[in-house]
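Reviewing the structure listed below.
Number of protein chains: 2
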Amino acid sequence: MASMLLSRQLTCCLQQNSRLLVFGHRYISQAAAKIDVDFDYDGPLMKTEVPGPRSRELMKKLNGIQNAEAVHFFCNYEESRGNYLVDVDGNRMLDLYSQISSIPIGYSHPSLIKLLQQPQNLSTFINRPALGILPPENFTEKLKESLLSVAPKGLSQVMTMSCGSCSNENAFKAIFMWYRNKERGHNNVTKEELESCMINQPPGCPDYAMLSFMGGFHGRTMGCLATTHSKAIHKLDIPSLDWPIAPFPRLKYPLEDFVKENQQEEARCLEEVEDLIVKYRKKKKIVAGIIVEPIQSEGGDNHASDDFFRKLRDIARKHGCAFLVDEVQTGGGCTGKFWAHEHWGLDDPADVVTFSKKMMTGGFFHKEEFRPNAPYRIFNTWLGDPSKNLMLAEVIKVIKTEDLLNNATHAGKALLTGLLDLQARYPHLISRVRGRGTFCSFDTPNDATRNKLITIARNKGVVLGGCGDRSIRFRPTLIFKDHHAHLFLNIFSDILANFK
Amino acid sequence: MASMLLSRQLTCCLQQNSRLLVFGHRYISQAAAKIDVDFDYDGPLMKTEVPGPRSRELMKKLNGIQNAEAVHFFCNYEESRGNYLVDVDGNRMLDLYSQISSIPIGYSHPSLIKLLQQPQNLSTFINRPALGILPPENFTEKLKESLLSVAPKGLSQVMTMSCGSCSNENAFKAIFMWYRNKERGHNNVTKEELESCMINQPPGCPDYAMLSFMGGFHGRTMGCLATTHSKAIHKLDIPSLDWPIAPFPRLKYPLEDFVKENQQEEARCLEEVEDLIVKYRKKKKIVAGIIVEPIQSEGGDNHASDDFFRKLRDIARKHGCAFLVDEVQTGGGCTGKFWAHEHWGLDDPADVVTFSKKMMTGGFFHKEEFRPNAPYRIFNTWLGDPSKNLMLAEVIKVIKTEDLLNNATHAGKALLTGLLDLQARYPHLISRVRGRGTFCSFDTPNDATRNKLITIARNKGVVLGGCGDRSIRFRPTLIFKDHHAHLFLNIFSDILANFK
Numbered sequence: 011m012a013s014m015l016l017s018r019q020l021t022c023c024l025q026q027n028s029r030l031l032v033f034g035h036r037y038i039s040q041a042a043a044k045i046d047v048d049f050d051y052d053g054p055l056m057k058t059e060v061p062g063p064r065s066r067e068l069m070k071k072l073n074g075i076q077n078a079e080a081v082h083f084f085c086n087y088e089e090s091r092g093n094y095l096v097d098v099d100g101n102r103m104l105d106l107y108s109q110i111s112s113i114p115i116g117y118s119h120p121s122l123i124k125l126l127q128q129p130q131n132l133s134t135f136i137n138r139p140a141l142g143i144l145p146p147e148n149f150t151e152k153l154k155e156s157l158l159s160v161a162p163k164g165l166s167q168v169m170t171m172s173c174g175s176c177s178n179e180n181a182f183k184a185i186f187m188w189y190r191n192k193e194r195g196h197n198n199v200t201k202e203e204l205e206s207c208m209i210n211q212p213p214g215c216p217d218y219a220m221l222s223f224m225g226g227f228h229g230r231t232m233g234c235l236a237t238t239h240s241k242a243i244h245k246l247d248i249p250s251l252d253w254p255i256a257p258f259p260r261l262k263y264p265l266e267d268f269v270k271e272n273q274q275e276e277a278r279c280l281e282e283v284e285d286l287i288v289k290y291r292k293k294k295k296i297v298a299g300i301i302v303e304p305i306q307s308e309g310g311d312n313h314a315s316d317d318f319f320r321k322l323r324d325i326a327r328k329h330g331c332a333f334l335v336d337e338v339q340t341g342g343g344c345t346g347k348f349w350a351h352e353h354w355g356l357d358d359p360a361d362v363v364t365f366s367k368k369m370m371t372g373g374f375f376h377k378e379e380f381r382p383n384a385p386y387r388i389f390n391t392w393l394g395d396p397s398k399n400l401m402l403a404e405v406i407k408v409i410k411t412e413d414l415l416n417n418a419t420h421a422g423k424a425l426l427t428g429l430l431d432l433q434a435r436y437p438h439l440i441s442r443v444r445g446r447g448t449f450c451s452f453d454t455p456n457d458a459t460r461n462k463l464i465t466i467a468r469n470k471g472v473v474l475g476g477c478g479d480r481s482i483r484f485r486p487t488l489i490f491k492d493h494h495a496h497l498f499l500n501i502f503s504d505i506l507a508n509f510k
Numbered sequence: 011m012a013s014m015l016l017s018r019q020l021t022c023c024l025q026q027n028s029r030l031l032v033f034g035h036r037y038i039s040q041a042a043a044k045i046d047v048d049f050d051y052d053g054p055l056m057k058t059e060v061p062g063p064r065s066r067e068l069m070k071k072l073n074g075i076q077n078a079e080a081v082h083f084f085c086n087y088e089e090s091r092g093n094y095l096v097d098v099d100g101n102r103m104l105d106l107y108s109q110i111s112s113i114p115i116g117y118s119h120p121s122l123i124k125l126l127q128q129p130q131n132l133s134t135f136i137n138r139p140a141l142g143i144l145p146p147e148n149f150t151e152k153l154k155e156s157l158l159s160v161a162p163k164g165l166s167q168v169m170t171m172s173c174g175s176c177s178n179e180n181a182f183k184a185i186f187m188w189y190r191n192k193e194r195g196h197n198n199v200t201k202e203e204l205e206s207c208m209i210n211q212p213p214g215c216p217d218y219a220m221l222s223f224m225g226g227f228h229g230r231t232m233g234c235l236a237t238t239h240s241k242a243i244h245k246l247d248i249p250s251l252d253w254p255i256a257p258f259p260r261l262k263y264p265l266e267d268f269v270k271e272n273q274q275e276e277a278r279c280l281e282e283v284e285d286l287i288v289k290y291r292k293k294k295k296i297v298a299g300i301i302v303e304p305i306q307s308e309g310g311d312n313h314a315s316d317d318f319f320r321k322l323r324d325i326a327r328k329h330g331c332a333f334l335v336d337e338v339q340t341g342g343g344c345t346g347k348f349w350a351h352e353h354w355g356l357d358d359p360a361d362v363v364t365f366s367k368k369m370m371t372g373g374f375f376h377k378e379e380f381r382p383n384a385p386y387r388i389f390n391t392w393l394g395d396p397s398k399n400l401m402l403a404e405v406i407k408v409i410k411t412e413d414l415l416n417n418a419t420h421a422g423k424a425l426l427t428g429l430l431d432l433q434a435r436y437p438h439l440i441s442r443v444r445g446r447g448t449f450c451s452f453d454t455p456n457d458a459t460r461n462k463l464i465t466i467a468r469n470k471g472v473v474l475g476g477c478g479d480r481s482i483r484f485r486p487t488l489i490f491k492d493h494h495a496h497l498f499l500n501i502f503s504d505i506l507a508n509f510k
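Protein chains in written order, with this note's numbering: chain A, 11 to 510; chain B, 11 to 510.
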């Protein structure tokens with residue numbers, strides 16, 4: 011009980027900090043007073059340690075029916091609002107992780123509540139169709155209002171899927187079909203192809219590969235997993251495919267001090283990509299496509315320069331490989347552009363772009379030439395869920411109306427500036443501060459320190475996420491504003507000052 | 011216009027048939043008068059050919075952004091109720107395909123509408139959590155009310171997933187982990203395993219396989235697809251894995267006339283299963299599990315005897331392979347038991363059972379020994395969707411309250427009896443009538459005849475589905491009653507009588 015009381019007093023103090031304290035290393039926000047009272051809360055409010063007693067009780071119960079060791083705590087989503095996640099013990103936390111980067115405009119957004127209350131939308135939530143054969147009347151219209159209104163330039167086609175893994179799996183398939191049709195010409199499928207594919211053998215099942223990068227994460231189903239190289243726990247014991255894996259640049263920070271080294275590092279990786287394509291073709295394994303994240307997220311928030319990606323795109327074109335950009339985590343606006351790869355300034359668009367998470371539905375955009383040449387080739391029962399398309403249309407409306415891309419740039423700058431300042435003050439705890447928009451991160455000395463910092467922050471009312479082997483990543487919602495950044499920075503500054 | 015008028019008159023006539031005509035080959039239902047007026051419609055009502063003009067217009071629009079050639083017609087789900095699907099041209103059809111077998115209790119069921127209107131449920135639909143780390147307070151409770159209340163005997167553990175493919179993919183992974191842990195003993199993972207798995211190589215990524223059956227369908231992501239052998243269109247151009255594929259029995263009908271032949275056929279297939287396990291082990295590819303559907307659905311509604319499956323289960327145990335039953339299409343009650351494999355009378359439960367479709371959420375049940383030994387091993391961002399769990403809990407309540415398993419047995423008998431009668435009268439059009447519960451099907455002479463019958467039936471107000479190369483399958487909802495069976499049989503009897 012003593013610790014609970016202490017915690018409460020501390021929280022109370024912290025809540026006041028962001029507005030009252032103006033001396034020393036306090037981050038002051040002009041916008042701090044501007045709070046959407048109907049929606050967002052005005053700060054964290056901690057009542058117990060997290061996980062609290064009720065969470066622990068529920069964890070035990072869940073653990074009876076599945077391995078629940080990954081559960082952080084149980085949530086009260088009814089009470090969660092805006093940037094704040096409320097747990098079952100009544101703790102209210104500023105959420106900078108947003109369900110592994112998948113809550114676009116905050117919890118319980120009024121627009122979405124309204125949408126769900128409209129009688130004409132009821133049917134969409136309870137009558138889930140097989141979209142590929144029996145779509146609802148407004149299917150195309152909702153796709154145009156939502157996904158197509160933010161489609162990356164040059165990509166006119168879109169397929170929806172239920173999750174990120176299915177998005178990448180089906181994008182691979184579209185690429186393999188495209189490549190085979192190029193090879194085959196005139197679409198004359200042979201009897202041998204039709205028969206051999208039924209028993210998993212070439213030529214019907216050709217020996218094609220996707221080239222991926224060490225440190226990348228593209229999902230956990232078997233096709234995706236063959237391109238995922240983030241952590242051993244994601245891969246161990248699962249049979250895989252002999253597909254080429256290139257090194258991803260390991261940049262040195264601060265970038266301005268290591269311009270030449272980083273250029274060399276990127277050139278080395280690009281050279282390896284080309285070597286692998288040639289080497290695998292020699293052993294009759296054709297690299298049909300290259301998959302890459304704009305920022306390797308699960309693998310540790312690894313960035314590369316825009317120039318690196320432009321050159322990678324050139325290599326793909328030169329070797330006739332499809333260029334697939336996985337925007338499952340980076341997409342949706344958090345980098346300040348709707349798609350992170352829009353920062354690169356490509357002269358030739360990506361061929362395929364996959365999405366999920368903040369987009370509420372999975373799926374992929376692609377150029378017209380990647381369109382399957384027959385029905386039922388890219389297909390499954392549900393092909394996504396129109397109730398997610400409906401919500402996404404509303405979310406995109408909010409993003410546009412509230413100018414949330416510019417907000418991500420602005421709030422991201424506040425966050426990054428603060429993190430750089432903390433790095434200068436606590437270089438033994440914080441290094442390699444990096445980010446684009448609010449998609450920020452930093453490194454800690456090691457895994458143990460990282461996890462300890464996350465736990466302490468949580469008990470002070472801030473939910474953070476880890477990635478890679480020692481990084482902390484920021485994945486707030488799109489309604490994360492400057493004053494939330496300052497609120498976090500003040501709390502975290504105190505944590506670092508007292509860290510032992 | 012003439013055809014429209016004719017169609018209307020005919021429909022009107024047909025609607026009366028099921029209740030008025032009592033002579034000749036009319037199927038009369040005691041229950042025909044008992045119609046839940048608030049919910050189900052009382053018969054088909056056709057206004058145009060299907061697809062009608064509005065559907066055709068929408069198909070053209072959709073085809074601009076994705077290949078829409080598989081679309082049958084566009085639907086008005088707001089107006090669809092019970093067993094009846096209404097299209098955008100105002101046609102109302104008795105739906106015996108139910109969105110590829112995925113609508114459990116009919117369209118716009120009042121219980122689900124009510125559920126969605128309750129203010130306390132709003133949050134579940136708009137705040138989608140990352141269930142593996144931040145589950146909602148009622149997560150375990152809803153799983154207990156829904157999935158666990160119908161868990162196959164002996165399977166105490168459950169994981170939820172977003173779709174059928176993800177369910178099978180993750181079931182495979184749980185099996186591979188289980189097998190490797192058996193081999194490894196004491197869970198001492200080596201440094202070599204941890205390193206090699208990151209580059210897709212053994213021993214970290216062992217050369218394990220799932221054994222599957224020719225004609226089986228288990229999904230379309232790359233792991234699933236390696237076990238799918240239904241149609242070439244599902245497989246062509248996608249690289250695959252060299253995994254063993256056994257023949258599935260091809261039974262002769264009527265079963266009572268071919269007892270010995272069918273026994274021999276099943277024995278042949280079982281022998282091949284054992285041979286393949288041994289053969290693949292010799293070439294150092296370990297069969298970690300066997301996957302099978304209780305009735306091969308997409309592949310053509312291929313049945314085998316309960317004895318066949320009991321013996322297959324024995325073979326799995328004998329060789330130390332996991333026994334995975336894919337109930338994605340057969341599960342949820344349509345065979346008269348909640349799980350089709352419950353008909354077999356296994357003495358040792360299946361090890362893993364996957365589900366999706368009618369269950370509204372994907373996922374899998376498994377024995378405790380298949381539980382991952384660490385967190386994050388079976389994991390993804392969403393791990394299903396609690397809004398689907400919420401609806402499933404309601405659906406299962408309805409199934410129990412309204413005794414819908416017995417209904418499936420009863421209505422299925424009415425359907426099967428009628429189909430056998432039609433087979434006797436039209437043996438040149440209908441053969442191999444088979445089924446369990448309402449999960450019925452028959453063969454037609456060829457693909458062209460099958461497709462023509464489906465098209466004619468649709469224009470007479472009945473939606474049917476095809477499977478395999480010449481079969482028609484019945485996949486009605488669980489609220490499909492005897493009088494719906496008789497309504498269909500009368501319409502179809504006329505179609506067959508006039509078929510040229």
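Ideal Cβ placement from N, Cα and C applies to all residues, glycine included. Since the structure is predicted, the reported quantities are computational estimates derived from the model, not experimental observations.
In this model, Asp-453 of chain B and Arg-442 of chain B are separated by some 6 Å (Cα to Cα). Going by beta carbons, Gly-422 of chain A and Gly-445 of chain A fall inside the 8 Å limit. Closest in C-alpha terms to Asp-431 of chain B, from the list B:Pro-63, B:Gly-475, B:His-496, B:Thr-465, comes B:His-496. In the three-state reduction of the DSSP assignment, Phe-333 of chain A falls in the strand class. Beta-bridge analysis with DSSP links Pro-146 of chain B to A:Cys-85. Using a Cβ distance threshold of 8 Å, Tyr-37 of chain A and Gly-471 of chain A do not count as a contacting pair. Per DSSP, Tyr-290 of chain A is one residue of the alpha helix (DSSP H) stretching across 269–292.
By the rule that beta-carbons nearer than 8 Å mark a contact, Cys-85 of chain A touches chain B. In the structure shown, Ile-300 of chain A falls within a strand segment according to DSSP collapsed to helix, strand and coil. As the crow flies, the alpha-carbon of Cys-279 of chain B is around 41 Å from that of Phe-374 of chain A. Interface with chain B (8 Å Cβ-Cβ cutoff): Arg-230 of chain A is included. Two segments are said to touch when three or more pairs of C-beta atoms, one from each, lie closer than 8 Å; by this definition the region 343–357 of chain A touches the region 308–322 of chain A.
With a cutoff of 8 Å on beta-carbon distance, Leu-68 of chain B and Val-98 of chain B are scored as near each other. Beta-carbon to beta-carbon, Phe-348 of chain A and Leu-415 of chain A are separated by about 6 Å, close enough to satisfy the 8 Å threshold. The Cβ atoms of Ala-418 of chain A and Cys-344 of chain A sit closer than 8 Å to each other. Its Cα nearest to that of Gly-164 of chain B, the residue B:Ala-360 stands out among B:Lys-398, B:Met-370, B:Ala-360. Cβ atoms of Glu-179 of chain B and Gly-226 of chain B stay farther apart than 8 Å, at about 15 Å.
Taken in chain order, the members of the region 234–254 of chain B whose beta-carbon sits within less than 7 Å of a beta-carbon on chain A are Ala-236, His-239, Ala-242, Ile-243, Lys-245, Leu-246, Asp-247, Ile-248, Pro-249, Ser-250, Leu-251, Asp-252, Trp-253. CA-to-CA, the gap between Tyr-218 of chain A and Lys-367 of chain B works out to about 31 Å. Here Pro-304 of chain A is buried, its C-beta having at least 16 other C-beta atoms within 10 Å.
For a Cβ distance threshold of 7 Å, residue set Thr-391 of chain B lies close to Gly-174 of chain A, ordered along the chain. DSSP places Met-171 of chain B within a strand segment (E or B) once states are collapsed to three. Note on geometry: alpha-carbon atoms of Ile-287 of chain A and Ala-298 of chain A lie some 9 Å from one another. With a threshold of 16 other beta carbon atoms within 10 Å, Asn-508 of chain B falls short and is exposed.
Leu-221 of chain A: member of the beta strand (DSSP E) spanning 218–223, first to last residue.
Under the three-pair Cβ rule at 8 Å, the region 381–392 of chain B counts as touching the region 172–190 of chain B.
Classified as exposed, Asn-456 of chain B has fewer than 16 neighbouring CB atoms from the shown chains inside 10 Å of its CB. Ser-177 of chain B sits away from Gly-346 of chain B, with the two beta carbons spaced by 8 Å or more. In the DSSP assignment, Leu-55 of chain B forms a beta bridge with B:Arg-102. Contact note: Asn-137 of chain B reaches chain A through Tyr-87, Ser-90, Tyr-117, Ser-118, using a C-beta cutoff of 7 Å and chain order.
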